Ligand code: HEM
């Protein structure tokens, strides 16, 4: 009763058939939800759905999102096969957990990551060092030539992972490392095959037994097994060289010391360590990397925007040193590029689902316990009234009187207690990698190839369609 408006529910499938029908027409899930909202939701705030066993409420407007994100009754994370298969059937980690475990482990993670630079000056040094490695790698690809065609798909992924992994595990990888290439390929496959709200086997769990292959269950488990193995190998390496008398070098050392000294007590366990690493690996790299894939697909198309960003870099930084985070206040245009690329990414990606912990209400509608409640970021970030010509890449929309100005309806990292843990790192990396690359090189359309497509790859996190760019050395006057 008084559940948010939406399509009719049929037995077993709920509203899945109608969503599917519209998705075939619109291609993208966020566009399907927009159409359904137009059809069913008079006030536009919420769209109420049921897909298989899951009750899902899409939260469309700024007002409803603010109410939802500050409502403690909707502070849970979903339960069920999809969320728990990632962590061996248990609820572990920091991304998809709630209650005491989430509170304690999130606090512990942030506190100790700070010791290794997270959110502090050390982080900009790590990011700057990765930007330097990136330039060296591009020069190697150019091999003394003026230009080269470079696949931009996943180009930034390893540098982004390295900034996080330096703090988590004290290591960095080369983008050519076969383990990295494999991990990035399977992660891309995984995120394209699922939606933020689940997939076939999560809405219809019996399919994981009756049709494990067709429902995506087998592939989901296979990909996770690979990632678990990668993480477990690194933890094993840390264990084998652990010396209690030496200072901890990274988060894994800190966590292993706690386990050695106190055993697996309260919410601390080796499984929790693996799950936290898994969460950071997925939440920390996919998001930033895909934001950057949108950024450069537009910068190749929009040479005017690229030139404007380069003019500011040349004026403020010059050519004799690399950009650094302290330049940010003097570089509002490049700062605005960072926010515009995040807008394009989250403008096609839903928030991490919340769960109603008890029966509650939202903008006057009833939300029963255990309903999945999801921020429909695309509805806000691609709204023509809030962001005119939303599909154009226009950093100037965030500049007022020559200064960066972010409206209060721009909150792509969420709000309140579950707010993204990595927003500072993400913005730092996007700024450092973008400005450092544009200082040294221009990116042009690859000769003989179409411009980067405006279509994107749908999935749990959206990505620009793969594209190549002609990377050309710049000579700065
Ligand atoms: C452009 C980059 C990123 C965007 C747009 C983004 C966005 C988000 C959003 C919308 C949420 C959900 C907030 C909510 O549920 O209310 C979230 C949660 C989270 N993000 Fe990010 N994120 C980004 C980068 C990162 C990075 C770099 C890290 C890791 C350092 C990270 C770690 C997390 C974690 C752990 C959570 C769960 C927080 C919790 O439930 O307590 N994210 N992020």
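Residue numbers (mature numbering (1 follows the signal peptide of the UniProt record, and there is no 0)): 1 to 477.
Don't be surprised by glycine CBs; every beta carbon is placed ideally from N, CA and C.
Computed from a predicted model, the values in this text were never measured in an experiment.
- Message: Taking the straight line between their C-alpha atoms, what separation do you get for residue 207 and residue 279?
- Response: Cα-Cα distance, rounded: 26 Å.
- Query: By how many angstroms is the C-alpha of residue 231 removed from the C-alpha of residue 241?
  - Reply: Note on geometry: alpha-carbon atoms of residue 241 and residue 231 lie some 16 Å from one another.
- Indicate whether the contact test is met: 3 or more Cβ pairs, each with one atom in the segment 299–315 and one in the segment 358–375, closer than 8 Å. Judged by Cβ distances under 8 Å, the segment 299–315 makes no contact with the segment 358–375, as fewer than three pairs qualify.
- What residue does the alpha helix (DSSP H) around residue 114 start on, and which one ends it? Where residue 114 is concerned, the enclosing alpha helix (DSSP H) stretches over 99–115.
- Item | At least three beta-carbon pairs within less than 8 Å, the segment 51–58 to the segment 196–212 | Judged by Cβ distances under 8 Å, the segment 51–58 makes contact with the segment 196–212, as three or more pairs qualify.
- Task: Taking only heavy atoms of the ligand HEM into account, decide whether any of them is closer than 8 Å to the Cβ of residue 420.
- Result: Yes, the Cβ of residue 420 comes within 8 Å of a heavy atom of the ligand HEM.
- Task: Say yes only if the C-beta of residue 64 is nearer than 8 Å to one or more non-hydrogen atoms of the ligand HEM, and no if none qualify.
- Result: Here the distance from the Cβ of residue 64 to the nearest heavy atom of the ligand HEM is not below 8 Å.
- Using three-state DSSP, classify residue 279 as helix, strand or coil. DSSP places residue 279 in helix when its eight states are reduced to three.
- Message: For residue 355 and residue 296, what's the separation of their Cα atoms in angstroms?
- Response: Note on geometry: alpha-carbon atoms of residue 355 and residue 296 lie some 35 Å from one another.
- Using a Cβ-Cβ cut-off of 7 Å (strictly less than) and excluding sequence neighbours within five positions of residue 370, which residues of its own chain qualify? Once the five neighbours on either side are set aside, the close Cβ partners of residue 370 are 355 and 356.
- Query: In three-state DSSP terms, what is residue 69?
  - Reply: Looking at residue 69 - three-state DSSP - the assignment turns out to be helix.
- Message: For residue 253, which residues in the same chain have their Cβ closer than 8 Å to its Cβ, ignoring the five residues on either side in sequence?
- Response: The answer, listed in chain order, is 170, 238 and 242.
- Contact test: residue 375 Cβ vs the ligand HEM heavy atom, cutoff 8 Å: Because some heavy atom of the ligand HEM lies under 8 Å away, the Cβ of residue 375 counts as near it: yes.
- Item | DSSP three-state assignment for residue 27, whether helix, strand or coil | In this structure, residue 27 counts as coil in the three-state DSSP scheme.
- Item | Through-space distance from residue 194 to residue 214, alpha-carbon basis | Roughly 13 Å between the two C-alpha positions.
- Taking the alpha carbon of residue 152 as the point to measure from, which residue in 175, 218 and 132 has its own alpha carbon closest? Nearest Cα to residue 152 within the set 175, 218 and 132: 175.
- Beta-carbon proximity list for residue 205, same chain, < 6 Å, skipping 5 on both sides: So the qualifying residues of the chain are 81.
- Message: By the three-class DSSP mapping on this structure, what secondary structure does residue 171 have?
- Response: In the structure shown, the three-state DSSP call for residue 171 is coil.
- Task: Assuming residue 48 contacts residue 14 (C-beta within less than 8 Å), just tell me the rounded distance between them.
- Result: With a beta-carbon spacing of about 11 Å, residue 48 and residue 14 fall beyond the 8 Å limit used to define contacts.
- Message: So if DSSP puts residue 441 in a beta bridge, which residue, or which two residues, is it bridged to?
- Response: Beta bridge pairing from DSSP links residue 441 with 473.
- Ordered along the chain, which non-local residues of its own chain (more than five positions away) have a Cβ less than 6 Å from that of residue 190? Excluding sequence neighbours, residue 190 sits near 223.
- Query: Taking the C-alpha atoms as reference points, what is the distance between residue 138 and residue 59?
  - Reply: CA-to-CA, the gap between residue 138 and residue 59 works out to about 42 Å.
- Of the listed residues 373, 8 and 256, nearest to residue 78 (C-alpha basis): That would be 373, whose Cα lies nearest to the Cα of residue 78.
- Sheet register partners of residue 365 (DSSP bridge): DSSP, once it has assigned bridges, lists 362 as partnering residue 365.
- Query: Alpha carbon to alpha carbon, how far is residue 271 from residue 76?
  - Reply: If you draw a straight line from the Cα of residue 271 to the Cα of residue 76, it is about 21 Å long.
- Task: Examine the Cβ distances between the segment 279–292 and the segment 331–350 and report whether three or more of them are shorter than 8 Å.
- Result: Yes, the segment 279–292 touches the segment 331–350.
- Would you give the residue range spanned by the beta strand (DSSP E) that residue 148 belongs to? 147–151 is the span of the beta strand (DSSP E), which, as asked, contains residue 148.
- Query: Quick one: what's got a C-beta closer than 6 Å to residue 326's C-beta in the same chain, skipping five residues either side?
  - Reply: Around residue 326, the same chain offers no residue with a beta carbon nearer than 6 Å, after the five sequence neighbours per side are excluded.
- Task: With a threshold of 16 other CB atoms inside 10 Å of the CB of residue 465, please say whether the residue is buried or exposed.
- Result: Answer is exposed; the Cβ neighbour count stays below 16.
- Extent of the continuous alpha helix (DSSP H) run through residue 210: For residue 210, the uninterrupted alpha helix (DSSP H) segment begins and ends at 207–210.
- Going by DSSP, which residues form a beta bridge with residue 355? Beta-bridge pairing links residue 355 to 76 and 372.
- Go ahead and label residue 88 buried or exposed: buried means 16 or more other beta carbons lie within 10 angstroms of its beta carbon, across all protein chains shown. Classification for residue 88: exposed.
- Can you tell me where the alpha helix (DSSP H) with residue 46 in it begins and where it stops? Boundaries around residue 46 are those of the beta strand (DSSP E), 46–51, since no alpha helix (DSSP H) includes it.
- Alpha carbon to alpha carbon, how far is residue 220 from residue 212? Give it in angstroms, no decimals. Taking the straight line joining both Cα atoms gives about 10 Å.
- Message: Please state the DSSP three-state secondary structure of residue 138.
- Response: Here residue 138 sits in helix by DSSP.
- When you compare only the Cα positions, how much space is there between residue 160 and residue 424? For residue 160 and residue 424, the distance between alpha carbons rounds to 13 Å.
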